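According to my numbering, the sequence shown is numbered sequentially starting from 49. Report on the following structure.
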Amino acid sequence: MIVRSWWRPLDHAEFRASSWFPGLTGLRALAALAVVFFHYGGPVVDRLQGWIAVQLFFVLSGFLITTLALREEDRTGRISLRGFYVRRVFRILPVYFLLLGLTALAVTLAGTYHASRLADAMPFYLTFFNEVVDYNTPYPTSWSLGVEEKFYLVWPALLVLTSFARSRKSLLRAVIGAGVVCFVLGVLPLAPSAQWASLSVHYCSLVIGCLLGLALHHPRGFAVFRPLTSPAAAVLVALGFVVLQFSVKPLGQLLGGHWQYVVPIYAAGSALLLVAVIAQSPVRRLLASRPFTFVGDRSYALYLAQTGAAGVTGLLLPTGLAKAAATSAVALLFACGLRRWVELPAIAYGRRLLAKLLAKGERAPADARQGPARVR
Numbered sequence: 049m050i051v052r053s054w055w056r057p058l059d060h061a062e063f064r065a066s067s068w069f070p071g072l073t074g075l076r077a078l079a080a081l082a083v084v085f086f087h088y089g090g091p092v093v094d095r096l097q098g099w100i101a102v103q104l105f106f107v108l109s110g111f112l113i114t115t116l117a118l119r120e121e122d123r124t125g126r127i128s129l130r131g132f133y134v135r136r137v138f139r140i141l142p143v144y145f146l147l148l149g150l151t152a153l154a155v156t157l158a159g160t161y162h163a164s165r166l167a168d169a170m171p172f173y174l175t176f177f178n179e180v181v182d183y184n185t186p187y188p189t190s191w192s193l194g195v196e197e198k199f200y201l202v203w204p205a206l207l208v209l210t211s212f213a214r215s216r217k218s219l220l221r222a223v224i225g226a227g228v229v230c231f232v233l234g235v236l237p238l239a240p241s242a243q244w245a246s247l248s249v250h251y252c253s254l255v256i257g258c259l260l261g262l263a264l265h266h267p268r269g270f271a272v273f274r275p276l277t278s279p280a281a282a283v284l285v286a287l288g289f290v291v292l293q294f295s296v297k298p299l300g301q302l303l304g305g306h307w308q309y310v311v312p313i314y315a316a317g318s319a320l321l322l323v324a325v326i327a328q329s330p331v332r333r334l335l336a337s338r339p340f341t342f343v344g345d346r347s348y349a350l351y352l353a354q355t356g357a358a359g360v361t362g363l364l365l366p367t368g369l370a371k372a373a374a375t376s377a378v379a380l381l382f383a384c385g386l387r388r389w390v391e392l393p394a395i396a397y398g399r400r401l402l403a404k405l406l407a408k409g410e411r412a413p414a415d416a417r418q419g420p421a422r423v424r
């Protein structure tokens, strides 16, 4: 019986009944820490190539946003753009702008506001064109938000527009998403690899996450991935992803140093990992454990606060594992405060605002519980 249970895959009905994906929160924790250790861990962690874990964030974000939107459409008959953007604004912007303000205050007090080039970068930070800013400026990790915020001006609107289709709605959405992926892959040879943060390839990762959400939402699409949801298969997929993570550098070298070509491969691997993590398996149980979900719930603020935290730890520690660990700890401490006094109050205010809209006749979507089913 035990052996048989190891090979029992997840049913589509079980997936649709799951409103909470705790393993994905744990996955966010790993992604955030991988990025921090890449930035400050030195040569010891070079093989890990944690920089690419940002793409895991993108795939997660696309999957969750799409899944929540499609479930809302099934539940209420439509997708509320107003509800989406209200939730997004109160989830993302308060922490983002507070940390931007603290960054500006810190460099001003240090007398390096202009020397740090923050003055030149500020217009881009304020308008979410972060990805076009030179990385050697304060608040560098915010480049990923510039990519995400522009993507989410378009994708939810496309979901709403295609919702008016009388038939083959899912196929139309899949074709649009696949078309975006093909376009991005087609223009990659034209993209200068030096301008890493502004490369269009990051949108490919977001769309791959969206396509996974579209596929798993519908029975036929879910059937394609269902074999990966048995506990045994999920463990094998997770082990395969570990191999992929440590193969990023050799792959980049094999591709002549064109790292942008590695990203779609990694994003596809991340999508398969997501399937393994939502299954009832040892992988999910590990990532859904309290230490992982604790960090994962705070991963957004931790990710953004890492540069400031490194400024603190850099006073005592050089680059290396000790600095990376200390920076992670200090950033997590910042993130705990931000979550308690900024994130959760802002999210609660957004919920109250949606409740007022509902009282006025706006059918606001039910908010997913705080945690795994939330994007960064």
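Yeah, the Cβ is synthetic: ideal placement off N, Cα and C, and Gly gets one too. Being a predicted model, the structure only gives us computed values, none of them experimental.
- Here Q301 carries a helix assignment [DSSP, helix/strand/coil].
- The continuous alpha helix (DSSP H) containing D345 extends over residues R338 to D345.
- For the 8 Å CB-CB criterion, G356 and F382 form a contact.
- For F132, the enclosing alpha helix (DSSP H) begins and ends at L129 to L157.
- Between A353 and L147, the gap from beta carbon to beta carbon is short of 8 Å.
- Assigned with DSSP and collapsed to three states, N178 falls in helix.
- Residue range L369 to L386 is occupied by the alpha helix (DSSP H) that includes K371.
- In this structure, W54 sits near P279, with a CB-CB distance shorter than 8 Å.
- Burial is judged here by how many other beta carbons sit within 10 angstroms of a residue's own beta carbon; H306 has fewer than 16 and is exposed.
- Per the C-alpha coordinates, the member of F270, K371 and H265 positioned closest to R119 is H265.
- For the set L104, I224 and F69, the Cα lying nearest the Cα of W203 is the one of I224.
- Inter-segment contact for the stretch 308-324 and the stretch 336-343 is absent: fewer than three beta-carbon pairs are separated by less than 8 Å.
- Secondary structure at F212: coil, using DSSP grouped into helix, strand and coil.
- Straight through space, the alpha carbons of N184 and P142 are spaced by roughly 24 Å.
- In the displayed model, R119 falls within a helix according to three-state DSSP.
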